[in-house]
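Since the structure comes first, as structure tokens, the remarks are kept for the end.
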């Protein structure tokens, strides 16, 4: 399992629009990706509900995981997305 | 129009049902029924796992498709919200959780319910923004459950033509987001004179009748005529009937056209006509109407949706917006009126057996003076900046000591006018002493009726007891007015009774000096006052109090009021 750790860059945290954009990116990647808080139970990263239930605020850390081929590229792209202030780009 | 049969009940082809009129005007249009949310049955059949998964997927997909269909009809902002809601319905996390519950032995609707509830609980625990999303999720769950059970979707359907909405009762959120260009009338089976539907419909100027027996049994599309004054609902009315009501509406419009300006009796005694408002939008609307200010600004909305206490700055900004339209006019602010029936996330004192008789209104402020102080400070800041004549009053005052405690705090914050609501019979009977501590009183007739008659105002079946024409209630009002007269302090009315043109005459005759109501009711009350002298009003008040029953009181006043008024009621 390839993993990455990333700090949430969005000022409002990972929900609403930022979460929707993230889910869209995961779906476009087309491979199963998991998300959780450090030490938490990984949930499907294409589930808006699972993401919102994390309650990840600005500056919180989340872990992404992926087993598929090309996982490094997929995760790097998602990490880059989460580091941005997605809400400010509305 | 075809059969009028639904849900096993039959409504006569052409008939009249008597309800309670709560918002004046009449409307004639086809019925649109608002579905109520349905809970899964306790004994729901459990399906094979694959079959259950198929049913669950199909239901959630159908909900997503239905929501997406609405996106095309919505404004940009609403479209984005709907898009996010459709995504919730398609959410793999929700689908997986529901299927897991089904595999563990629940029926498909129950499984969807359980999965939805799990996420809702997590969201509610997170609070704030998330707690608000819980409502969207509940809506998705309820729609999917309705789909599985084969019953109509809950909530107000998409409206494409003028209609009369019919529901068991409407949730405040539903009423507040109504499209008043399509919804020209409202009929509910439950609810009373002071239910949310009644208050909001009057606020929006939509004719409405509540407590209409069998209303939800009227078939979709049936033409009905609702009379928001008499409370009558005519099902499949004859053309003649529709014409007659239209003519009356025309007479009324003509009569009202000639009346404007400050409220006063025929002989020039002033009775200020004021608005009841519950938010910034109401304030803007009321600011444009022909009235003399605000007699009741309910501040609960500032607090109810917040998960933490709003700051002084946040509150001051809201109050500024509310005061802005009333340059040179009065705005009477009621401080926070919460309690166990309207709990605050940040000031929950726990469940109470009788919320209406518990720690609410000023009693809650006594437990949490920090909340009151922050509110008063914010009001003081906003009042200083504005040209409005800001006055502050406390809800649920019973004792002289309470009035004194509140008055001291208000004055310490630099606010110059302080008053109390008179809604507890004890305070009404002792108003001379209570008012000595403050500058004015304001009769909250809805709660005063509830406490005088020991009848829960949320209980539609008890409407008769809560009838503001009850002579006992009028006696209590008279006692409160006498006390006010002794102290020389003004006594207003800010309950729904003030908006009834005939009762407005009675109340004025009892000595009330201002009447606050939904703005849509002001013109008719102004007309009523202008057609009667103060001594006419005193005579009508005497007639009402001499009657033995509420019905007799109403009839006596109706019979003795000016013909020019009764012809247009």
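Residue numbers (our numbering), protein chains in the order written: chain A, 3 to 92; chain B, 395 to 963. From the three backbone atoms N, C-alpha and C, an ideal C-beta is built for every residue, glycine too.
Exposure label - residue i; buried when at least 16 CB within 10 Å
i: residue 729 of chain B; result: buried
i: residue 422 of chain B; result: buried
i: residue 25 of chain A; result: buried
i: residue 831 of chain B; result: buried
i: residue 613 of chain B; result: buried
i: residue 945 of chain B; result: exposed
i: residue 890 of chain B; result: buried
i: residue 632 of chain B; result: exposed
i: residue 395 of chain B; result: With a pLDDT of only 34 at residue 395 of chain B, under 50, the local geometry of the prediction cannot be trusted, and no value is derived from it.
i: residue 437 of chain B; result: exposed
i: residue 797 of chain B; result: buried
i: residue 463 of chain B; result: exposed
i: residue 789 of chain B; result: buried
i: residue 664 of chain B; result: exposed
i: residue 406 of chain B; result: Note that residue 406 of chain B has pLDDT 46, beneath the 50 cutoff, so the model's placement of it is unreliable and the number below is only indicative. Under this definition residue 406 of chain B is an exposed residue.
i: residue 459 of chain B; result: exposed
i: residue 820 of chain B; result: exposed
i: residue 620 of chain B; result: buried
i: residue 915 of chain B; result: buried
i: residue 414 of chain B; result: buried
i: residue 418 of chain B; result: buried
i: residue 622 of chain B; result: buried
For residue i, the three-state DSSP class (helix, strand or coil)
i: residue 551 of chain B; result: coil
i: residue 635 of chain B; result: helix
i: residue 46 of chain A; result: strand
i: residue 564 of chain B; result: coil
i: residue 10 of chain A; result: coil
i: residue 574 of chain B; result: coil
i: residue 852 of chain B; result: coil
i: residue 915 of chain B; result: helix
i: residue 658 of chain B; result: strand
i: residue 65 of chain A; result: strand
i: residue 692 of chain B; result: strand
i: residue 717 of chain B; result: helix
i: residue 536 of chain B; result: helix
i: residue 834 of chain B; result: strand
i: residue 839 of chain B; result: helix
i: residue 441 of chain B; result: coil
i: residue 413 of chain B; result: coil
i: residue 398 of chain B; result: At residue 398 of chain B, the pLDDT of 39 sits below 50, so the modelled position is not reliable; the number obtained from the coordinates is stated separately. DSSP places residue 398 of chain B in coil when its eight states are reduced to three.
i: residue 962 of chain B; result: coil
i: residue 35 of chain A; result: strand
i: residue 557 of chain B; result: strand
i: residue 405 of chain B; result: Reliability of the predicted coordinates at residue 405 of chain B is poor, the pLDDT of 46 falling under 50, and no value is obtained from them.
i: residue 70 of chain A; result: coil
i: residue 736 of chain B; result: strand
i: residue 426 of chain B; result: strand
i: residue 529 of chain B; result: helix
i: residue 943 of chain B; result: coil
Listed by chain order, chain B residues near residue i by CB distance under 7 Å
i: residue 51 of chain A; result: 482, 485, 487, 488 and 513
Partners in chain B for residue i, counting only beta-carbon separations shorter than 9 Å
i: residue 45 of chain A; result: 487
i: residue 27 of chain A; result: The contacting residues do not exist; residue 27 of chain A stays about 14 Å from chain B at best.
Cross-chain neighbours of residue i in chain A, by beta carbon under 9 Å
i: residue 527 of chain B; result: 17, 18 and 54
Per-residue contacts from residue i into chain A (C-beta, under 7 Å)
i: residue 695 of chain B; result: By Cβ distance, chain A contributes nothing, its closest Cβ being about 22 Å from residue 695 of chain B, past 7 Å.
i: residue 520 of chain B; result: 57
i: residue 478 of chain B; result: 22
i: residue 516 of chain B; result: 55
Near the ligand SAH: residue i beta-carbon under 6 Å from a heavy atom
i: residue 460 of chain B; result: Looking for the ligand SAH in the displayed structure turns up nothing, as the structure carries no ligands at all.
For this session: Jot down the residue ranges of each uninterrupted beta strand (DSSP E) in the region 598 to 644 of chain B, minimum 3 residues, whole runs only, in chain order.
Result: Fully enclosed beta strand (DSSP E) runs of 3 or longer: 602 to 604, 617 to 621 and 626 to 629.
Exercise. For the region 854 to 939 of chain B, which segments carrying the beta strand (DSSP E) assignment without a break, of at least 3 residues, lie completely within its bounds, in sequence order?
Worked result: Listed in chain order, they are 885 to 887 and 908 to 911.
Problem set entry | Segments assigned alpha helix (DSSP H), at least 4 residues, entirely inside the region 462 to 527 of chain B | List check, alpha helix (DSSP H) in window: 470 to 483, 486 to 497 and 502 to 520.
For this session: Pick out the complete beta strand (DSSP E) segments inside the region 761 to 824 of chain B, 3 residues or longer, and give them in chain order.
Result: Counting whole runs of 3 or more residues, the region 761 to 824 of chain B contains the beta strand (DSSP E) stretches 783 to 788 and 811 to 816.
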